[in-house]
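Numbering (our numbering), first residue to last: 1272 to 1402.
Every residue, glycine too, gets a C-beta built ideally from N, C-alpha and C.
Keep in mind that this is a model prediction, so the values were computed, not measured.
Structure record follows, encoded as structure tokens.
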């Protein structure tokens, strides 16, 4: 259940930043830059904090190679779904949502990986500490 919560928050973070509807930060910020600059900056900083938390935890947990590997697995899954005819790539909005799901999966797995590794191996991760 914990993974699903972390993945859901990653999905909200990515979709709030950008999605193919009009309900996303980037589109809203571009439309309201002149009239609501303080709110645009505040919400942008809050999103930036969320991105930093997720990216830092993911990079510390699985690293850049792990992120690439998970993204490649998701891409291979999408390729299989396309190849067997379950998925078509004609709809640009659907393609954008698939990208959002893929990126949120990478972030959700990255944030959860230390917990999974600890449960599987019994070994805890420890941050580097200056002596």
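- Residue 1329 is a Cβ neighbour of residue 1382, given a cutoff of 8 angstroms.
- Taken in chain order, the unbroken stretches of alpha helix (DSSP H) that lie wholly in the segment 1308–1388 and span 4 residues or more are 1308–1332 and 1334–1354.
- The three-state reading of DSSP puts residue 1393 in coil, since its state is none of H, G, I, E or B.
- Residue 1299: member of the alpha helix (DSSP H) spanning 1296–1303, first to last residue.
- Only residues of its own chain outside the window of five on either side were considered, and among them 1381, 1384 and 1385 have a CB closer than 6 angstroms to the CB of residue 1332, listed in chain order.
- Secondary structure note for residue 1274: its alpha helix (DSSP H) is the uninterrupted segment 1273–1288.
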